Ligand SMILES: [Zn+2]
Ligand SMILES: [Zn+2]
């Protein structure tokens, strides 16, 4: 798999960090993990093949994760490049996803689910295994953030990834992310976080220690991260795993375990 970070920031406007969106190339096609308003233009900026995107995962209904979905569907409905598309676009998320799209759609008779190509909206249950793409297995996991927020575990052949999306601390996440090849985890705050439903660095490192992923990428960074030396803050907590700070435009190849052992 290869991950492209579209937006490593939050809902706070920032000159370098746009809102949540992560493009994932897999052996079976492409997945957009969360779709903020900025993500849809960031895909084009990164020269990614958005007209042929195969699947979208919506972690929860906060606008910095879903606010680009209705505009994206408005774009694919009318853009010349998507008029000849025939393959389906599948959109996955919690119960309520279809209603959210329909509500935006009804705001102006957009008919966003009537596209030149088939669109399937799939509402998933936590812990129910599903195929996000043919052969790419997914499991969603409830997180302490909103009533319907989910982390997701993906398996593409032997390669595994967990994307926590927004979450408060819970050791159960470490179990979900145990020994994954890449743990893409929110770390909203440095310390003294103002809200319980996000992570600060010491909590993120605690989860990484327990999960022991091959690599971890910290993202969903509030602007207060601009004020600190990320590497030094991380080093002070002595993690045993390689921990990377996300940035917009970052590309990470996620190794197959068998390949790296050779
Ligand atoms: Zn959120
Ligand atoms: Zn968020």
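Residue numbers (my numbering): 57 to 318. Every residue gets a Cβ at the ideal spot worked out from N, C-alpha and C, and that includes glycine. Computed from a predicted structure; not experimentally measured.
Counting the other Cβ atoms within 10 Å of the Cβ of residue 225 gives 16 or more, which makes it buried.
One thing to note: residue 93 has its Cβ within 8 Å of the Cβ of residue 124.
At a threshold of 7 Å, residue 66 counts as near ligand 2, since its beta carbon sits closer than that to one of the ligand's heavy atoms.
In the three-state DSSP reduction, residue 154 falls in the helix class (H, G or I).
Between residue 311 and residue 271, the alpha-carbon positions lie close to 10 Å from each other.
Only residues of its own chain outside the window of five on either side were considered, and among them 256, 257, 258 have a CB closer than 8 Å to the CB of residue 247, listed in chain order. DSSP, read as helix, strand or coil, puts residue 159 in helix. The residue among 206, 129, 57 with its C-alpha nearest the C-alpha of residue 113 is 206. In the DSSP assignment, residue 188 falls within the unbroken beta strand (DSSP E) covering 186-189. Under a 10 Å Cβ-count criterion, residue 249 is classified as buried, with 16 or more other Cβ atoms of the shown protein chains found around its own Cβ.
For residue 140, the Cβ stays outside the 7 Å cut-off from all heavy atoms of ligand 2.
Cβ neighbours of residue 202 within its own chain (closer than 6 Å, five residues either side excluded): 116.
Going by DSSP, residue 224 is part of no alpha helix (DSSP H) at all; its letter is neither H nor E.
In terms of side-chain proximity, the C-beta atom of residue 121 is found nearer than 7 Å to a non-hydrogen atom of ligand 2. Bounds of the beta strand (DSSP E) holding residue 81 are 77-82.
Relative to ligand 2, even the nearest heavy atom lies 7 Å or more away from the CB of residue 70.
Assigned with DSSP and collapsed to three states, residue 253 falls in coil, not helix or strand.
In this structure, residue 222 has its beta carbon less than 7 Å from a heavy atom of ligand 2.
Of the residues assessed, residue 73 falls on the buried side of the cut-off, its CB having 16 or more other CB atoms within 10 angstroms. Look at residue 76: its beta carbon is less than 7 Å from one of the heavy atoms in ligand 2. With a threshold of 7 Å, the Cβ atom of residue 235 does not count as near ligand 1, since no heavy atom of the ligand is closer than that. At least 8 Å separates the beta-carbon of residue 161 from that of residue 153. About 5 Å separates the beta carbon of residue 309 from that of residue 58, a gap short enough to meet the 8 Å contact definition. Within a 10 Å sphere around the beta-carbon of residue 223 sit 16 or more other beta-carbons, which makes this residue buried.
Annotation: residue 276 to residue 301 spans about 10 Å, alpha carbon to alpha carbon. Burial check for residue 242: the Cβ neighbour count within 10 Å reaches 16 or more, so the residue is buried.
In terms of Cα proximity to residue 103, the closest of 132, 295, 60, 245 is 60.
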